[in-house]
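Novice: Residue numbers for the sequence shown, in my numbering: 2 to 90. Glycine is no exception: its CB is placed at the ideal position from the N, C-alpha and C atoms.
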Amino acid sequence: MPLWLDLLRTPMAAPETRSLRRMRLTWQGLCLSVAVFIGFFAQVHAALGRAAPCLAVALLVATGLYSLMYLRRKNAADNAFLERTGEPG
């Protein structure tokens, strides 16, 4: 079976609830914050001194933990949706 046809047969994800949308936007904000923090680390380090690496680690840990929580809830919502619609998951 060609790849494009196999991709067409892939089941859709669950509709996004308000809670999942809020979580997704928070997760995206955390990811963007990490990128900006790392991009401007020299300036942040000059302003905050020795606290800057601690803040970077805290931001990375928070992003990682929130990513796990979001992905777990998103997968659960997708699996429940697929079970309700009767599609193979």
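Can Ala36 and Ala78 be called in contact, C-beta distance under 7 Å?
Specialist: no
Novice: By how many angstroms is the C-alpha of Val58 removed from the C-alpha of Gly40?
Specialist: 15 Å
Novice: Which residues mark the beginning and the end of the alpha helix (DSSP H) in which Ala36 is found?
Specialist: Arg19 to Gly40
Novice: Leaving out five residues on either side along the sequence, give the residues of the same chain with a beta carbon under 7 Å from the beta carbon of Met24.
Specialist: Excluding residues within five positions, the ones whose Cβ falls inside 7 Å are Tyr71 and Arg74.
Novice: Have a look at Cys32 and Leu6 and give me their C-alpha separation to the nearest angstrom.
Specialist: 33 Å
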